[in-house]
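Asks: The sequence shown begins at 557 in the numbering used here and counts up one residue at a time. The structure's right below; bear with me while I get my questions together.
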Amino acid sequence: MPVKDYSYEWMLDRVYSKVPVKLGGGERFVPPKPQIVYIPGKTIIKNFSEITDKLRREPRLLMRYLLKELAAPGSIDDTGALVIHGKFSASAINVLLNRFIKTYVICPNCGRPDTVLKKKGKVWILVCEACGAEQPVKPF
Ligand SMILES: [Zn+2]
């Protein structure tokens, strides 16, 4: 029998994901709220690494999405904060963050955020660890 190379952590995730989830009673996934500060000419998301940790997405992936949508240059600094060149309102950033979460984090089948994004070349698939659904998503 071929042995698949599943990491222990991944297996553990699988085990936990089999436990019935109690998300039915109106309980919703609460996306992390970005802490935004402004310095002249720049918009900084202070808790950027916290956000990507909670979403379980690579910081560089979310950075690329936000910068592309805002059509602005930017980078991640030493503290893990995202520094965007230009001034952008908190609501504009919230809209984009929510759009990212809806498309690239939340499972369209069961509504859980327990997903991983698998990239096979140009094809990206959102794989849900809670219900097993696989959803192709648009690469960017
Ligand atoms: Zn699901």
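Every residue gets a Cβ at the ideal spot worked out from N, C-alpha and C, and that includes glycine.
Anyone know if the C-beta pair for F604 and A637 falls short of 8 Å?
Replies: Cβ atoms of F604 and A637: closer than 8 Å.
Asks: Since L682 and C663 are thought to touch, with beta carbons under 8 Å apart, how far apart are those beta carbons, to the nearest angstrom?
Replies: Their Cβ separation, rounded to whole angstroms, is 7 Å, which keeps L682 and C663 in contact under 8 Å.
Asks: Just to check, is the beta-carbon of R668 closer than 7 Å to a non-hydrogen atom of ligand 1?
Replies: Within the cutoff, so yes.
Asks: Does the beta carbon of A648 fall short of 7 Å from some heavy atom of ligand 1?
Replies: False, no ligand heavy atom lies under 7 Å from that Cβ.
Asks: From the DSSP output, in three-state form, read off T697 for me.
Replies: Residue 697 falls outside the range modelled here, since the chain spans only 557 to 696, and no answer is possible.
Asks: I595: buried (16+ other C-beta within 10 angstroms of its C-beta) or exposed?
Replies: Answer is exposed; the Cβ neighbour count stays below 16.
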